[in-house]
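Presented below is the structure to which this report refers.
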Amino acid sequence: MAIVGGGPGGYTAALYAARAGLKVVLFEKQWPGGQMALTEQVDNFPGFPEGVDGMTLGQNMKRSAERFGAKTVNAEIKALELGADPKRLETGAETFFAKTLVYAAGAVPRELGVPGEAALRGKGVSYCAVCDGMFFRDKIVAVVGGGNAAAADALTLSRIAAKVILIHRRETLRAEKSSQKPLFQAGNVEFCWNAEVTQVLGQETLTGIKLRDVNTRAESALTCDGLFVSIGRRPETALVSGQLALDKNGYVLADETTRTNLPGVFAVGDVRTKDLRQIITAAADGATACHFAEEYLRGH
């Protein structure tokens with residue numbers, strides 16, 4: 000079994016498959032845990048009553064799988080042939096073949112797509128509060144978004160920055176009530192409702208942003224030292240586009256069996272079309288994929 004992606008879905012599939020006696024190789028281009036590793040505090044994964052940081056949880060998942068013989072290759076997959084038998088994986092340096100494949104590539108942060116954003120990425124524009132928040136201690140930062148991720152980022156930054164301004168296109172947050180409460184209680188968090196970012200300002204570093212009222216269309220400028228974009232994720236499906244069936248948003252079409260349109264290929268975690276994308280649902284996908292992969296191998 001080849002597994003593309005070392006998040007909770009990928010490493011759970013690796014653990015289950017290795018325990019079942021399969022030869023397992025997992026490919027991860029960055030670090031164990033994927034996007035989960037960027038989470039400062041995970042409180043909703045069973046078995047950790049005091050919570051756990053995402054990096055530690057990712058490392059533990061990796062060690063669990065490797066305990067039973069799964070191998071990790073730290074390389075980016077450049078090309079896949081999923082319709083072939085066996086499936087073919089190319090890293091650019093090596094070629095691998097597998098009888099069955101679990102695609103667990105996850106999703107990456109969405110960008111605003113406004114002028115100045117790309118040029119100032121890493122120069123004031125960030126997509127990870129946990130990663131980059133430390134650079135904005137005692138400064139003024141803005142967070143764009145209204146979901147759970149945006150609320151979590153704003154709360155993280157409220158403990159570091161002098162002021163946090165949460166910008167949302169609507170007049171209420173979409174985040175869970177339990178995530179909203181500490182935000183409204185934080186003394187240094189302000190809210191900018193019914194607004195959208197139209198431009199990122201600055202030359203060498205970010206100096207501010209331009210805003211537009213979604214109702215009146217009036218424009219204004221906001222001075223800030225940092226901008227954290229938290230408006231959702233984009234599935235990592237460029238590698239499989241044209242091979243696996245995708246939904247209108249680019250996620251792999253796979254039901255609760257994690258089967259895709261190609262025999263022997265399974266999609267797990269955030270890359271799959273699903274209603275809830277959480278660490279625990281990704282892990283459940285990994286276990287499910289192993290079950291049906293074994294079924295496929297027995298009949299193949």
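Here the sequence shown stands for residues 0 to 299, where the numbers follow numbering that gives the first Met the number 0. Beta carbons are placed, not taken as given, at the ideal position from N, Cα and C, and that holds for glycine.
Asked: F227 to Y15, Cα distance in whole Å?; Found: 37 Å
Asked: Determine the direct distance from the alpha carbon of S157 to that of Q179, and round the result to whole angstroms.; Found: 13 Å
Asked: According to DSSP, D42 sits in a beta bridge with which residue or residues?; Found: Note: D42 sits in no beta bridge, so no partner.
Asked: Go ahead and pull the three-state DSSP assignment for R18.; Found: helix
Asked: At 3 residues or longer, what runs of the beta strand (DSSP E) sit wholly inside the stretch 97-128?; Found: 100-102, 106-108
Asked: Can you tell me where the beta strand (DSSP E) with C289 in it begins and where it stops?; Found: Premise fails: C289 lies in the alpha helix (DSSP H), 278-298, not in any beta strand (DSSP E).
Asked: Hey, out of G20, E49, D137, K61, whose CA is closest to A36's CA?; Found: K61
Asked: Taking the C-alpha atoms as reference points, what is the distance between K86 and R276?; Found: 27 Å
Asked: In the DSSP assignment, find the beta strand (DSSP E) that holds T55 and state where it starts and stops.; Found: Here T55 belongs to no beta strand (DSSP E); instead the alpha helix (DSSP H) covers 53-66.
Asked: Ignore the nearest five residues each way along the sequence and tell me which others in T99's own chain have a CB closer than 7 Å to its CB.; Found: M0, G263, A292, Y295, L296
Asked: Would you grab the beta carbon distance between L81 and L261 for me? Rounded to a whole angstrom, and I think it's under 8 Å.; Found: 5 Å
Asked: If you count every other CB in all the chains shown that lies within 10 Å of the CB of P31, and 16 or more means buried, which is it?; Found: buried
Asked: In chain order, what residues of the same chain lie with their CB nearer than 6 Å to the CB of L111, ignoring the 5 residues before and after it?; Found: V196, V228
Asked: Per DSSP, I159 is paired with what?; Found: Bridge partners of I159: none, in fact.
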